[in-house]
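Residues in the sequence shown are numbered from 3 upward in steps of one, following the working numbering. By construction, the Cβ of each residue, glycine as well, lies at the ideal position given by its N, Cα and C atoms.
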Amino acid sequence: MKLARYIPFIGMAFLLLLVQLVALALSEPFEENEFKAFSNPEATSNALYWIGIVLLFTLFIFIVIKLNKRWIIQLVIFLTVVSTFYYVFFALFSRFLPLETNFLLTLILSIGLTAILYKFPEWYVIDFVGIVIGAGASSIFGISLAIKPALVLLILLAVYDYIAVYRTKHMVALAEGVMDLRLPILLVFPKHPKYSFLTEKFDKQEREAFFMGLGDAVIPTVLVISANTFIKTGYYIFPLIGKLNVPAIGTILGTFLGFAVLMGFVLKGKPQAGLPFLNGGAILGFVIGSLAAGSSIF
Numbered sequence: 003m004k005l006a007r008y009i010p011f012i013g014m015a016f017l018l019l020l021v022q023l024v025a026l027a028l029s030e031p032f033e034e035n036e037f038k039a040f041s042n043p044e045a046t047s048n049a050l051y052w053i054g055i056v057l058l059f060t061l062f063i064f065i066v067i068k069l070n071k072r073w074i075i076q077l078v079i080f081l082t083v084v085s086t087f088y089y090v091f092f093a094l095f096s097r098f099l100p101l102e103t104n105f106l107l108t109l110i111l112s113i114g115l116t117a118i119l120y121k122f123p124e125w126y127v128i129d130f131v132g133i134v135i136g137a138g139a140s141s142i143f144g145i146s147l148a149i150k151p152a153l154v155l156l157i158l159l160a161v162y163d164y165i166a167v168y169r170t171k172h173m174v175a176l177a178e179g180v181m182d183l184r185l186p187i188l189l190v191f192p193k194h195p196k197y198s199f200l201t202e203k204f205d206k207q208e209r210e211a212f213f214m215g216l217g218d219a220v221i222p223t224v225l226v227i228s229a230n231t232f233i234k235t236g237y238y239i240f241p242l243i244g245k246l247n248v249p250a251i252g253t254i255l256g257t258f259l260g261f262a263v264l265m266g267f268v269l270k271g272k273p274q275a276g277l278p279f280l281n282g283g284a285i286l287g288f289v290i291g292s293l294a295a296g297s298s299i300f
């Protein structure tokens, strides 16, 4: 019985690892196709732009919820999903398909998978979509942010998450306002085999699954990709994911150290800000990995 209590947390750790591994596998195809968010990856202002977008999007969601127009949130998320699918599949297929075939197949897959999400948002569909778009976003931003702006981003978002969850508590209110829309903005791992996300009642005190915001997987993974892209020493070759250097490995291990500490607090039953733990662990792991590889932290 004690082991069963920890299975959802182990499962969530596996989903987090999948996001990181898929993001690593996507980074080279994205670079080859120049799918980058910023033209100058060294500019620290890139991190500030991202923070500004996060704040504006949060305000946008609150206004939409207040106006009782939550279908607008659904529309924005589904457009984001289909466009991210397009980037991911196009980059992958570009390695072995001609342009016209790639465009058509990518379009069909992107629209088809988004339609499945819309019609049947069960937890495993939500997780599949979340892993793909989370890995895609992490990889695009990771290859677009050099080490210094990536570190600035992780620190600022960790501080913001702390304030939003423990002080103003608006992040908790925001999550409660959109949970029943069943969108791929979170990862889900059931607490029992018969669980259905379609029938989950979000007004209950005791949840039947463990939830983690997709941003908690994306943000530390940005540093993993940045470290693997911009540090040119200490590489090893792994099947499927390709080159992986020691600072990136350290960042991955540090993320899971932060995850383990976070789960210790989650077991107490209260909502927790994930990024202070996950980003803090990722940064610590990055620093140790960089020192072990003999590379500059910046």
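Thinking just about the alpha-carbon of each residue, which of the options is nearest to the one in residue i?
i                 : options                          : result
asparagine 230    : Ser29, Leu18, Leu20 and Pro10    : Ser29
isoleucine 301    : Leu20, Arg7 and Leu153           : No answer is possible for residue 301: it lies beyond the span of the chain, which begins at 3 and ends at 300.
leucine 188       : Leu18, Tyr88, Leu246 and Gly271  : Leu18
phenylalanine 213 : Ala25, Ala117, Asn70 and Ala275  : Ala275
phenylalanine 59  : Gly215, Ile239 and Ile75         : Ile75
serine 298        : Pro249, Ala27 and Pro43          : Pro249
isoleucine 251    : Ser228, Ser47, Leu185 and Met14  : Ser228
proline 31        : Gly291, Phe87 and Leu94          : Leu94
leucine 185       : Ile79, Leu269, Ser41 and Tyr238  : Ile79
arginine 72       : Asn104, Arg97, Val180 and Ser198 : Val180
asparagine 42     : Phe240, Ile149 and Leu269        : Ile149
isoleucine 65     : Leu99, Leu176 and Leu156         : Leu176
valine 127        : Lys38, Ile233 and Ser198         : Ser198
Give me whichever residues DSSP pairs with residue i in a beta bridge.
i              : result
leucine 189    : Met214
isoleucine 239 : Lys245
For residue i, which of helix, strand or coil comes out of DSSP?
i              : result
tyrosine 164   : helix
leucine 246    : strand
isoleucine 75  : helix
isoleucine 63  : helix
methionine 3   : Reliability of the predicted coordinates at methionine 3 is poor, the pLDDT of 49 falling under 50, and the value obtained from them is presented with this limitation in mind. DSSP places methionine 3 in coil when its eight states are reduced to three.
proline 151    : helix
serine 85      : helix
isoleucine 128 : helix
proline 222    : helix
lysine 68      : helix
glycine 136    : helix
lysine 171     : coil
threonine 116  : helix
glycine 252    : helix
serine 96      : coil
Could you tell me how far apart the beta carbons of residue i and residue j are, in whole angstroms, since I believe they sit closer than 8 angstroms?
i                : j              : result
phenylalanine 11 : methionine 265 : 5 angstroms
isoleucine 135   : valine 24      : Isoleucine 135 to valine 24, Cβ: 10 angstroms. No contact.
glycine 287      : glycine 256    : 2 angstroms
glycine 282      : alanine 160    : 6 angstroms
**Asked** Any contact of the segment 198-205 with the segment 223-241, i.e. 3+ C-beta pairs under 8 angstroms?
**Response** Touching, no.
**Asked** With a cut-off of 8 angstroms, do at least 3 Cβ pairs link the segment 258-265 to the segment 144-152?
**Response** Proximity of the segment 258-265 to the segment 144-152 falls short of the contact definition, fewer than three beta-carbon pairs being nearer than 8 angstroms.
**Prompt:** Are at least three pairs of beta-carbons, each pair with one atom in the segment 166-183 and one in the segment 108-117, less than 8 angstroms apart?
**Reply:** The segment 166-183 and the segment 108-117 do not touch, with fewer than 3 CB-CB distances between them shorter than 8 angstroms.
**Asked** Looking at C-beta atoms only, is the number of pairs between the segment 241-248 and the segment 41-53 that lie closer than 8 angstroms three or more?
**Response** A contact is defined here as three or more CB-CB pairs under 8 angstroms, and the segment 241-248 fails this definition with respect to the segment 41-53.
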